[in-house]
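This report concerns only the one structure given below.
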Amino acid sequence: MKKANVIVLTIILSIIFLGIEIIIVRKAAQYEPKRSVVYAGVNIKAGEIIREEMLEEKETGISNIHEQSFRSKDEIIGKKAEAELFEGEMVLLFLLL
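Dropping the structure here:
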């Protein structure tokens, strides 16, 4: 009888641990690291000097970050927009003078 109880307990614990492992793996697969990226907070016209209040920083998944994007507002403030930037658009290096 003891042997049967041990086998049943082993099977039950195996099922529980398998379920926990499946949950952990699914959550890990959905995880994507994020970084702060600068976006236009308002529409910015071409030739306009960029001020801090025109910008906003947002956490963005790294798969959606352009290689020419800016990580900090300080890198952009005082530069001139070469092209029109629309509200919510990621600010990229080639769009500035």
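So the sequence shown is numbered by my numbering: it starts at 4 and just counts up by one.
A virtual CB, placed ideally from N, CA and C, is assigned to each residue, including glycine.
inquiry  = As a quick exercise: from G64, R74 and L95, pick the residue whose alpha carbon is nearest that of A84.
reply    = L95
inquiry  = In the DSSP assignment, the alpha helix (DSSP H) including K5 goes from what residue to what residue?
reply    = K5 to Q33
ask   = Relative to the C-alpha of R38, which residue among V45, S66, I53 and A32 is closest?
value = S66
Counterpart residues of S39 in DSSP-defined beta bridges = E62
query = Between K82 and V41, is the Cβ-Cβ spacing less than 8 Å?
reply = no
Chain-order list of residues whose beta-carbon lies under 6 Å from that of I47 (same chain, five-residue window excluded) = M57, A84 and L88
message = Quick check on L100: does DSSP put it in helix, strand or coil?
response = coil
query = Where does A43 land, buried or exposed, given buried means 16+ other C-beta within 10 angstroms?
reply = buried
Other residues of its chain near A49: CB distance less than 6 Å, five sequence neighbours each side excluded = A84, A86 and E87
message = Does L98 pass the burial test, meaning 16 or more other C-beta atoms within 10 Å, or should it be called exposed?
response = buried
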